[in-house]
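Novice: Could you have a look at this structure, given as structure tokens, before my questions?
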Amino acid sequence: MFCRNNLIKISQRCYATESRINSFIKSKLMSAEDVAEKLPEKLTLGASGFTPAGYPKVIPSAFAQRIKNSKNPENFSINLYTGASTGDELDGVLARTGRMKLKIPYQSHSDLRTLINNGKLNFIDMHLSHVSKYIREGIFSPIDVAIIEACDVTSDGRIYLTNSSGMSATYLALAKDIYIELNEAHPLDMKGLHDIYLPDIHTGRPINIDYVDDRIGTPYVRVNPEKIKGIVLTNKYDSSPGFKKPDNASFKIANHILEFILHEVEHDRFPKTLLPFQSGVGNVANAVLACIARDNRFKSIEMYTEVIQDSIFDLLDSDKLRFASTTALTFSPEGQKRFHNQLHDLKSKFILRPMEISNNPEVIRRIGLITMNTALEADIYGNVNSTHVLGSAMMNGVGGSGDFTRNAYRSIFMTPSIAKGGRISAFVPMVSHVDHNEHSVQIMVSEQGLADLRAKGPRERAQLIIEKCVHPMYKDLLRDYFQHAQRVSFGQHTPHDLKQALSWHVRLQETGSMHPDHQILKQTINKDKESATYRVDQRVAVRN
25 MFCRNNLIKI SQRCYATESR INSFIKSKLM SAEDVAEKLP EKLTLGASGF TPAGYPKVIP
85 SAFAQRIKNS KNPENFSINL YTGASTGDEL DGVLARTGRM KLKIPYQSHS DLRTLINNGK
145 LNFIDMHLSH VSKYIREGIF SPIDVAIIEA CDVTSDGRIY LTNSSGMSAT YLALAKDIYI
205 ELNEAHPLDM KGLHDIYLPD IHTGRPINID YVDDRIGTPY VRVNPEKIKG IVLTNKYDSS
265 PGFKKPDNAS FKIANHILEF ILHEVEHDRF PKTLLPFQSG VGNVANAVLA CIARDNRFKS
325 IEMYTEVIQD SIFDLLDSDK LRFASTTALT FSPEGQKRFH NQLHDLKSKF ILRPMEISNN
385 PEVIRRIGLI TMNTALEADI YGNVNSTHVL GSAMMNGVGG SGDFTRNAYR SIFMTPSIAK
445 GGRISAFVPM VSHVDHNEHS VQIMVSEQGL ADLRAKGPRE RAQLIIEKCV HPMYKDLLRD
505 YFQHAQRVSF GQHTPHDLKQ ALSWHVRLQE TGSMHPDHQI LKQTINKDKE SATYRVDQRV
565 AVRN
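This is the structure we're talking about:
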């Protein structure tokens, strides 16, 4: 077993007095434009970044400009591999070239989403824990070039990453050529935050992480320095805008979750010290952490997750964060400045891991996590759609939600019960796409209430979700559907009327609302328009 106390000291080492621009870096310095000219026209690119954190910010833009200036832009093609979504300076600028052919494994940029949903870009939506294995096994095209953001590089090939680990270690290991964006916006004290470890393929050896603060690797990625073909100096923060403040619905959801957690403690299902949390991104996740910070019944919180956001400062300010393990620090500009200013004191509370480790099912199951992820929609039997609008249009991707949900000690899905002013119900007879099936979803929460689906059959789950989670304007409609389905269904284990199961989505597509009253209203408006047009035509006919 590893000595935890000795290993943790790595993250507390002070690097602030070291010189950043050493002789090796000087010998490799280039402009972004020089690097762009060296990139092949047919490019499979592995880039750092996980959410808008720690991604390259100038070389992709220079390469996009090269494509724009080319007399034959059709000669270019780009396969882009990242950790997850990144910022506009990477995902956005390359999407706008029109030459992207493949994107893995996640995205959230509007330009990428448009290409994907117009059939112009092949996007492979993956469980994030699978990505490294697929690439290392050669299932995807080999990586020509890795472009990685770092805060320091040494002559013996040690690369110190910035705000994310993501897939960087894998891309650096497999790329033929490496280019580094050395970002001087990050202090050298960032060195030591990371714990880089990649498991061997096929050996079956355990990953020796028993606690969220265990360290088993190195604070850097080591490569053959001859593979580093160029280094570009930058000084730019990540372009994360931060997240909106949680609304009332988000805080109601958060309070339901907190009461449930305390209920589990009372029944000895959770220890009094609680279990580590995994939290997805967005308003609801931020609200949960904010409520924990304010609630005196919660004392010491640990996190084993994939993204840390500004809401972590609520836990720090209330002195409740014991430790947080993640693969990315996705801060707003204000949050980034605060983290840098307090970095010397905060390093003892954070680890950044490769996403092959942060999202690893073995580690998630061993540690025992309370996972909290957001549903796009859910059906009355507890199946969850996280990715597809109307079953066909990609939103962002499944990301790590499947990795955490399927291996959680307690899996929670949360969503506001309605969207678009009530035109959309988050709870439907049957989801139009399934990312997390009923076998993985234990707890369902909306601002209306919480449904504990454990030890419940399908019909019991349906009744619970309808009564506990559904918005009042849709509750009677779902009750009617469930009763009707029991009368006409082929089988009674999971009653459905296949003719009506997706009728809510059809109605939304045709009328702009899932609610039939909205449909009637729209039909009335359309009939009035048709009648007005007819009367105008009649007047014209009479005049003629």
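Residue numbers (the numbering used here): 25 to 568. Note that the Cβ used here is the ideal one computed from N, Cα and C, for glycine as well. Note that the structure is predicted; figures quoted are calculated from it, not measured.
(1) CA-CA distance, Met571 and Lys253?
(2) Roughly how many angstroms lie between the CA atoms of Glu113 and Ile436, to the nearest whole one?
(3) Whose CA, out of Asp292, Leu345, Asn307 and Lys296, lies closest to the CA of Arg318?
(4) Got a sec? Which residues, its chain only, sit under 6 Å from Glu288 by beta carbon, not counting five neighbours each side?
(5) Would Ile255 and Leu212 be called neighbours here (beta carbons separated by less than 8 Å)?
(6) Going by DSSP in three states, Tyr505 sits in which element: helix, strand or coil?
(7) So, for Ser649: in the same chain, excluding its five sequence neighbours on each side, which residues have a beta-carbon less than 8 Å away from its beta-carbon?
(8) According to the Cβ coordinates, are Ile128 and Ile102 closer than 8 Å?
(9) Which residue marks the beginning of the alpha helix (DSSP H) containing Lys62, and which one marks its end?
(10) Assess, as a yes-or-no matter, whether the region 403-411 is touched by the region 346-362 under the definition of 3 or more beta carbon pairs within less than 8 Å.
(11) Is there contact between the region 77-85 and the region 235-244, where contact requires at least three CB pairs shorter than 8 Å?
(12) Could you tell me which whole beta strand (DSSP E) segments of length 3 or greater appear in the region 421-491?
(13) Please find out if some non-hydrogen atom of the ligand ATP comes closer than 7 Å to the beta-carbon of Gln510.
(14) Is Leu545 helix, strand or coil by DSSP?
(15) By how many angstroms is the C-alpha of Ile220 removed from the C-alpha of Glu173?
(16) Measure the C-alpha to C-alpha separation of Val387 and Pro270 and round it to an integer number of angstroms.
(17) For Lys371, which of Gly216, Lys50 and Leu286 has the nearest alpha-carbon?
(18) Return the first residue and the last residue of the beta strand (DSSP E) that Cys175 is part of.
(19) According to DSSP, which residues form a beta bridge with Ser303?
(20) For Thr329, which residues of its own chain have a beta-carbon under 6 Å away from its beta-carbon, when the five flanking residues on both sides are left out?
(21) Excluding the 5 residues flanking His517 on each side, which residues of the same chain have their C-beta closer than 7 Å to its C-beta?
(22) On the three-state DSSP scale, how would you describe Pro223?
(23) Are the beta-carbon atoms of Leu222 and Ala193 separated by less than 8 Å?
(24) Output the residue ranges of the beta strand (DSSP E) runs that lie fully inside the region 186-222 and measure 3 residues or longer, sorted by chain position.
(25) At which residues does the alpha helix (DSSP H) containing Met419 begin and terminate?
(26) Can you tell me which of Asn383, Met438 and Gly445 puts its alpha carbon nearest to the alpha carbon of Ser156?
(27) Quick one: what does DSSP say Ser274 is sitting in, helix, strand or coil?
(28) Let me check one thing: in DSSP terms, what residues is Arg246 bridge-paired to?
(29) Tell me the rounded alpha-carbon separation between Phe265 and Glu484.
(30) In this structure, how does DSSP classify Asp403 when only helix, strand and coil are distinguished?
Specialist: Straight from the coordinates:
(1) Because the chain in this structure spans residues 25 to 568, residue 571 falls outside the shown range and cannot be described.
(2) Rounded to whole angstroms, the gap between the alpha carbons of Glu113 and Ile436 is 34 Å.
(3) By alpha-carbon distance to Arg318, the top candidate from Asp292, Leu345, Asn307 and Lys296 is Leu345.
(4) Listed in chain order, the non-local C-beta contacts of Glu288 below 6 Å within the same chain comprise Phe294, local neighbours out to five positions each way being set aside.
(5) No.
(6) DSSP places Tyr505 in helix when its eight states are reduced to three.
(7) With the chain represented from 25 up to 568, any question about residue 649 goes unanswered, as that position is not in the structure.
(8) Against a cut-off of 8 Å, the Cβ pair of Ile102 and Ile128 comes out as no contact.
(9) Element bounds for Lys62: Ala56 to Lys62.
(10) With a cut-off of 8 Å, the region 403-411 and the region 346-362 do not count as touching, because too few Cβ pairs lie within range.
(11) Taking a contact to require three or more Cβ pairs closer than 8 Å, the region 77-85 and the region 235-244 do not qualify as touching.
(12) As far as the region 421-491 is concerned, its whole beta strand (DSSP E) runs of at least 3 residues are 434-438, 467-470 and 473-476.
(13) Of ligands this structure carries none, so the ligand ATP is not represented either.
(14) Because the pLDDT of Leu545 is 41, which lies under 50, any placement of that residue in the model is unreliable, and the question is left without a value.
(15) The C-alpha of Glu173 lies about 15 Å from the C-alpha of Ile220.
(16) Near 30 Å, if we compare the C-alpha coordinates of Pro270 and Val387.
(17) The shortest C-alpha separation from Lys371 is found at Gly216.
(18) Residues Val169 to Val177.
(19) Beta-bridge pairing links Ser303 to Met396.
(20) Excluding sequence neighbours, Thr329 sits near Gln302, Ser303 and Thr350.
(21) Answer for His517: Pro482, listed in chain order.
(22) Here Pro223 carries a coil assignment [DSSP, helix/strand/coil].
(23) Taking 8 Å as the Cβ cut-off, Leu222 and Ala193 qualify as a contacting pair.
(24) Qualifying beta strand (DSSP E) stretches, in chain order: 201-207.
(25) First-last for Met419: undefined, no H or E at that position.
(26) Closest by C-alpha distance to Ser156, out of Asn383, Met438 and Gly445, is Asn383.
(27) Reduced to three states, the DSSP call for Ser274 is helix.
(28) Looking at the DSSP assignment, Arg246 forms a beta bridge with Arg182.
(29) It should be pointed out that residue 265 corresponds to Pro in this sequence rather than to Phe. A straight-line Cα-Cα distance of about 42 Å links Pro265 and Glu484.
(30) It is a strand residue.
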